[in-house]
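Down below is the structure, laid out as structure tokens.
And the structure:
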């Protein structure tokens, strides 16, 4: 089909050349002839690759030879060694049991006065019967000294009039608003420890209405006492404190 097209183009160009030579009018035929020649060149450039096609080279697959791994070495054959034991010199059972048994003439050695085995290492005065090494260590290393006993603070029990006399600062508790609204009144009994500097320690509640306890604790924690002296030394004092809550009439 492409070859027929080129032949037709060549025939048409020959016709134009013939007409121009016959009529002597080359201007009219020059432009079509140029187009035809250009079309012919383009057609040739297109047809040549179609006619002459190059094939891709066949890919050669390289064969890789993997060497066979050598066989593991054979284990050496075990040699079985048979040990033969001679029975010469071993005692054999007598064929006949004798009626009497001969006694040995060797007498046992007399026990020694010391303790232990003859020829062994002599013992130590502070040694133990089981012969442990701890006896030697215990002899050379003295035991650590016992820790000093903590000095206990002397306390005396007091109460009543003596307590009020030693109080130097005792702010009154604030009446709780909720208890005041509910018109709750009563006494809160507390147990406390007056320290050597006059402060309150180990404050505990013994009895009292729950709505009044918090206010009593907050007030008594701020109380200050003159320390009690015993033989000129301040001591701690256990006491009971009653905090009264009463509504004003």
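In the numbering used here, the protein residues as written are 951 to 1199. Positions of the beta carbon are idealized from the N, C-alpha and C atoms, including for glycine.
Apply the 10 Å Cβ neighbour rule to residue i and answer buried if 16 or more other Cβ atoms are within range, or exposed otherwise.
| i | result |
| --- | --- |
| residue 1112 | Per-residue confidence for residue 1112 stands at a pLDDT of 41, beneath the threshold of 50, marking its modelled position as unreliable; no derived number is given. |
| residue 1123 | buried |
| residue 987 | exposed |
| residue 971 | exposed |
| residue 1040 | Because residue 1040 sits at a pLDDT of 42, beneath the cut-off of 50, its placement in the model cannot be relied upon, and the following sentence gives the value as read from the coordinates. Classification for residue 1040: exposed. |
| residue 992 | exposed |
| residue 954 | exposed |
| residue 1167 | buried |
| residue 1097 | exposed |
| residue 1198 | exposed |
| residue 998 | exposed |
Taking the alpha carbon of residue i as the point to measure from, which residue in the options has its own alpha carbon closest?
| i | options | result |
| --- | --- | --- |
| residue 1149 | 1137, 1168, 1175, 1169 | 1175 |
| residue 1201 | 971, 991, 1147 | As shown, the chain starts at 951 and ends at 1199. That puts residue 1201 outside it, with no answer to give. |
| residue 960 | 982, 1142, 1158, 1198 | 982 |
| residue 1178 | 1171, 1170, 1145 | 1145 |
| residue 984 | 1000, 967, 1021 | 967 |
| residue 1125 | 1095, 1140, 1159 | 1159 |
| residue 907 | 969, 973, 990 | This structure cannot settle anything about residue 907, because the visible part of the chain is limited to 951 through 1199. |
| residue 1192 | 1170, 997, 1139, 1022 | 1139 |
Taking Cβ to Cβ, would you say residue i is nearer than 7 Å to residue j?
| i | j | result |
| --- | --- | --- |
| residue 1181 | residue 1137 | no |
| residue 1196 | residue 1135 | yes |
| residue 1143 | residue 1154 | no |
| residue 1171 | residue 1156 | no |
request  = Take every Cβ of the segment 1153 to 1168, pair it with every Cβ of the segment 1115 to 1122, and state whether three or more of those distances are shorter than 8 Å.
outcome  = No: fewer than three Cβ pairs fall under 8 Å.
ask   = Residue ranges of each alpha helix (DSSP H) run of no fewer than 4 residues wholly in the segment 1142 to 1187, ordered along the chain?
value = Look at the segment 1142 to 1187 and you find these whole runs of alpha helix (DSSP H), each 4 residues long or longer: 1160 to 1170.
query = With contact counted as at least three CB pairs below 8 Å, one residue from each stretch, are the segment 1124 to 1132 and the segment 1175 to 1194 in contact?
reply = No, the segment 1124 to 1132 does not touch the segment 1175 to 1194.
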